[in-house]
Structures are given as structure tokens and as C-alpha cells.
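Asks: Residue numbers (this note's numbering): 127 to 407.
Here is the structure:
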């Protein structure tokens, strides 16, 4: 009778080896990822960790996330689950920017308003209180928060310490949609305060063609604006473009109807503009 094969003598070491390999690869990923990504994600992940430390107990010693059956309960420490992420992002979305041109511009407008009020009242009182801001973070900033925390979740899953499913369900998408509406309304209010009108509204599609999606059309509320879309998707036979060319298209969207405009690239906008084409330089 043939002897039974013996287990490999290093079999018991495999989990430790796998964990060490994962840690090494994650470290290398952080080391080689673009510096702008690290600069953007790192402070937001630290903010998440500080927020979790205030609201949740720390991760217990000897925590084995792979052995935990997640049934929707809040996870300890900075472990990411969708419920915690929704609460965190709701607070972030309601927060004013801490610095930047928009905040400085708001302060200047308040200073002008305070000075005008003092002149009208013939008053020598001190300036107004600028500690409170009516501004909110822009959508791209909020989206970068979500991306930073989702990256942290992916690292936790790779280390097998997080048993929760990916935080990208319907509630999070609904929160994103609400943030888009609020951010656009805020931007429109700021433009109105400066006496400006939107001329070009642009964004990119990373995986689809440069054409307004149903979501884009539903949010389009500026009939006089040019809606410019750039697609960064991989060019194949369906685009007819070379690898170094870009899908760059412009549209008018009025009452849900989409009409594409001709785009002409010229050296100078002042001498290249005509009523029938959209000209960019």
C-alpha cells in the first residue's frame, strides 16, 4: 500500500509568507504610484482614521477579519464599510473648504459688503465675522475623498482584515448624485454673485465615448452653454482615432435634447470665432 504523502514542512508558514508578500506589494504600490495621488489620498485617509477613532472602538488585538461573518454591523477602528463611509461623507459634503481661491474670494466679497454697510451707516465698528462660510466642497474634492477611502478598503481586503463587501452600493451612488446637485447649485450661486454666466461646462468620460450620458442630460440646465466632453478611453476600431488622438466633442443640451456642434481648433479665439462653430484655442 503506497504511503500517504507528507505535508510540506513549510505549509504552516504559508499564511505568514502570503501576508508578508501582500504587505511588500502594497508598500511598493504606494511607493510607485503618482506623487499627486499620494498627496491627494494620504491626508484624506488620515482624516478618515481620526474620524473613526472618535466614533468607533479600536480594532481588537488579534482581529481576524477573514474569520468574521459580516452581517451589516459597524466594523471597529478604521475598517471601511459602506455605512461608516456614508456617515463620514455626509459630514464631509456639508463642510466648507479650509483654504483656497473660493474661500479667499468669499472673504473679499464680505469685506466689500461690510465696508459698504459701514459707509452707509456712517459707522466705525470693526469688520464682520468671517469665521463662517456658506461655501461647500466641490464635487471633485468629495469624490477624491471617496476614492481615497475606497483605496484604503482595497488594502484592508488584501490584508484579509476587512470582511465587509465593497462600499459602492446604491446608497453611496445616491449620495454622489445629491452632492453633484448641491455643488452645481453652489457654483451657480457663486457665479451669479460675480455677475458671470457659464459659457463652457466640461468633464471627461474615462471608459465611454465623448457623448452626454443620461445622467449628464438630466443635470444639464444651461441652454446657452457649450457642454464639452473629452473621452480618455482606449481607442479601437470603433473610434477611428489613433492612440495619441483625443475624443473631443461639444454639444448643446436644451430640454433634454442633445445637438452636437462642430469644433474647430485655431491658434487664436479672437480671430477664429464664428457664430456657427465652437472654437477653442
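All residues carry an ideal CB built from backbone N, CA and C; glycine is no exception.
Here's the rule: buried if 16 or more other CB atoms are within 10 angstroms of the residue's CB, otherwise exposed. What is residue 186?
Replies: By the neighbour-count rule (16 or more Cβ atoms within 10 Å), residue 186 is not buried but exposed.
Asks: Could you tell me the distance, in whole angstroms, from the CA atom of residue 170 to the CA atom of residue 382?
Replies: Roughly 37 Å between the two C-alpha positions.
Asks: With a floor of 3 residues, list each beta strand (DSSP E) that falls wholly inside the segment 319 to 349, ordered by position along the chain.
Replies: For the segment 319 to 349, whole beta strand (DSSP E) runs of length 3 or above, ordered along the chain, are 326 to 331.
Asks: Does the Cβ of residue 391 have 16 or more other Cβ atoms within 10 Å, making it buried, or fewer, making it exposed?
Replies: Burial call: exposed.
Asks: In three-state DSSP terms, what is residue 307?
Replies: Three-state result, residue 307: helix.
Asks: Opposite residue 378 in the DSSP bridges: which residues?
Replies: DSSP output for residue 378 lists 385 as bridge partner(s).
Asks: Within this structure, are the beta carbons of residue 282 and residue 194 separated by less than 8 Å?
Replies: No, the pair does not count as a contact, with Cβ atoms beyond the cut-off.
Asks: Using a 10 Å radius around the Cβ and a threshold of 16 neighbouring Cβ atoms, would you call residue 275 buried or exposed?
Replies: Per the 10 Å Cβ criterion, buried.
Asks: So what's residue 392 in DSSP terms, helix, strand or just coil?
Replies: Residue 392: coil per DSSP, three-state reduction.
Asks: Just curious, the beta strand (DSSP E) that residue 212 is in, first and last residue?
Replies: Element bounds for residue 212: not the beta strand (DSSP E) but the alpha helix (DSSP H), 208 to 219.
Asks: Tell me residue 284's beta-bridge partners as DSSP assigns them.
Replies: Its beta-bridge partners do not exist; DSSP assigns none.
Asks: Please report the Cβ distance between residue 306 and residue 265, rounded to the nearest whole angstrom; I am assuming they are in contact, meaning their Cβ atoms lie under 8 Å.
Replies: Residue 306 to residue 265, Cβ: 5 Å. Contact.
Asks: Measure the C-alpha to C-alpha separation of residue 340 and residue 184 and round it to an integer number of angstroms.
Replies: Near 43 Å, if we compare the C-alpha coordinates of residue 184 and residue 340.
Asks: Does the beta-carbon of residue 355 have 16 or more other beta-carbons within 10 angstroms, so that it is buried, or is it exposed?
Replies: Result: buried.
Asks: Can the beta-carbon of residue 359 be found less than 8 Å from the beta-carbon of residue 334?
Replies: Yes.
Asks: Whole angstroms is fine: what's the gap from residue 284's alpha carbon to residue 322's?
Replies: Those two C-alpha atoms are separated by around 48 Å.
Asks: So, with DSSP's three-state summary, where would you put residue 134?
Replies: Bear in mind that a pLDDT of 37 at residue 134, under 50, signals an unreliable position, so the model cannot answer this.
Asks: Of all the options 225, 273, 279 and 192, which has the alpha carbon lying nearest to the alpha carbon of residue 258?
Replies: Nearest of 225, 273, 279 and 192 to residue 258, Cα basis: 225.
Asks: Quick one: using the 10 Å Cβ neighbour count with 16 as the cut-off for buried, is residue 227 buried or exposed?
Replies: Its Cβ having fewer than 16 others within 10 Å, residue 227 is exposed.
Asks: Measuring straight from C-alpha to C-alpha, what distance separates residue 380 and residue 350?
Replies: Residue 380 and residue 350: Cα-Cα distance of roughly 8 Å.
Asks: Is residue 220 buried or exposed, if buried means 16 or more other CB atoms sit within 10 Å of its CB?
Replies: Residue 220 comes out exposed.
Asks: What does the alpha-carbon distance come out to for the pair residue 188 and residue 208?
Replies: Approximately 23 Å, taken between the alpha carbons.
Asks: Mapping the DSSP letters down to three states, classify residue 181 as helix, strand or coil.
Replies: Residue 181 falls in the helix class under three-state DSSP.
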